[in-house]
Amino acid sequence: MGYRSTQRQATGSSGSSSRPERPSRIVLENFLNRIVTLALGAALLAFSTLASALDYKIGFVNTERLFREAAPAKRAQQKLEREFATRDAEIQKLSKQVRDLQAVLDKDGATMPENDRRNKERDLANFSRDLQRAQREFREDVNLRRNEELAGFQERANKVILQIAEAEKFDLILQDPVVYASQRIDITEKVIKALADK
């Protein structure tokens, strides 16, 4: 009987040694505490960064609105219209000649003498070619002058924006394009009023 008791004890000992060891509760708690500490640290860092950002004074200028509403920009547009008014009228006159000649050919081309029809078709081709060339040159010249005027206006606007930024202690002024800007930081109206006084 003593032999059997010894055998059972030996078997029980070998069975318990074959089970995998579970991690202790203390190790798991330490691991979880470490994760929580890291998460809290990251949250505090993000909060402190946001708090620092709130110390900055930021402004926004809507450039498109400046070009549309500022007095110097309006004057520049009116100047361009006066400068190109004569050429625009000449192009409109030539365009009317092309339309009128095309209307005559559409209406009477089938019944008029062949010689007259050929002459009018030749005139129409010449007028159309002259019109296309005049329109192309007109667009190129207008765009060139507009870019010159806008560059001058942009330079004046930038000086005004810089003056406002320095006077009101702005840290950063943003311009278009931006995805979103709150009305609270929009200083476009200030810039428009300042440009009107120049």
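To convert, count from 1 in the sequence shown and add 2; that's our numbering. By construction, the Cβ of each residue, glycine as well, lies at the ideal position given by its N, Cα and C atoms. These numbers come from a predicted model, not from an experiment.
Own chain partners of residue i with C-beta closer than 6 Å, once the 5 adjacent residues on each side are dropped
i, result
"L176", "F62"
"V162", "V193, A196, L197"
Buried/exposed call for residue i, threshold 16 Cβ in 10 Å
i, result
"A112", "exposed"
"V100", "buried"
"T88", "exposed"
"L68", "buried"
Beta-carbon gap between residue i and residue j smaller than 8 Å
i, j, result
"L133", "K122", "no"
"I194", "E71", "yes"
"L174", "I60", "yes"
Where residue i falls: helix, strand or coil (DSSP)
i, result
"F69", "helix"
"D199", "coil"
Other residues of its chain near residue i: CB distance less than 7 Å, five sequence neighbours each side excluded
i, result
"D178", "N64, T65, E66"
"A73", "L197, A198"
"L103", "K122, D125, L126, F129"
"Q137", "I93"
8 Å CB neighbourhood of residue i in its chain, flanking five on each side removed
i, result
"V180", "F62"
At 3 residues or longer, and completely inside the segment 104-143: list those beta strand (DSSP E) runs for me, N to C. none
Can you list the beta strand (DSSP E) stretches of 3 or more residues lying completely in the segment 139-188, in chain order? 174-177
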